[in-house]
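Numbering (the working numbering), first residue to last: 6 to 117.
Beta carbons: idealized from backbone N, C-alpha and C, even for Gly.
Keep in mind the model is a prediction, meaning the values are calculated, not measured.
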Amino acid sequence: MPTFDDVRSISLALPEVEEHVTWGTDVNFRVRNKMFVIGGDEGDHVSIKSNLTTQADLIDLDPETFASAAYVGRFGWVTVNLGRVDRALLEKLLRDAWRSTAPARLRGLVPE
C-alpha cells in the first residue's frame, strides 16, 4: 500500500519537479510551475492529472480506488485511493501525469 511519501519520492525523482504547498495544507508537485499531482501529507488520497479517457477507464476498472477529482475532474484529473492502488500503477500514473505536463525537451529524459 503506497503512502503520500511514495507519491513524494516518485514525483521528486522526475526531472525539474518541485514541491509546493498551496491553500495552507495541500501539497502539490509541479514541473515548470505546472501542477500534475496534489494531495497532503496526512491524506490517503491524491489527485493526479490525466485525461478523460484514462479517467473513465480507471473508474470503470475499480470505482473504489479511482474517482473523478473534485473541481478538476472535468479536465480528466483522477483521485486515487492510496490504500487500494498498486504501487506500480501509481508510479505509472504519476509518470504519465508528469509526461503530459513537462515540455518535450524534458520528456525525452525519462524513458517510457
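Could you tell me the distance, in whole angstroms, from the CA atom of GLY48 to the CA atom of GLY81? 21 Å
First through last residue of the beta strand (DSSP E) which encompasses LYS39: 39 to 44
Thinking GLY44 and PHE9 are a contact (beta carbons under 8 Å), I'd like their distance in whole angstroms, please. 6 Å
Residues bridged to GLU23 [DSSP beta-bridge criterion]: ARG35
Unbroken stretches of the beta strand (DSSP E), 3 residues or longer, contained in the segment 39 to 89: 39 to 44, 50 to 53, 71 to 73, 83 to 86
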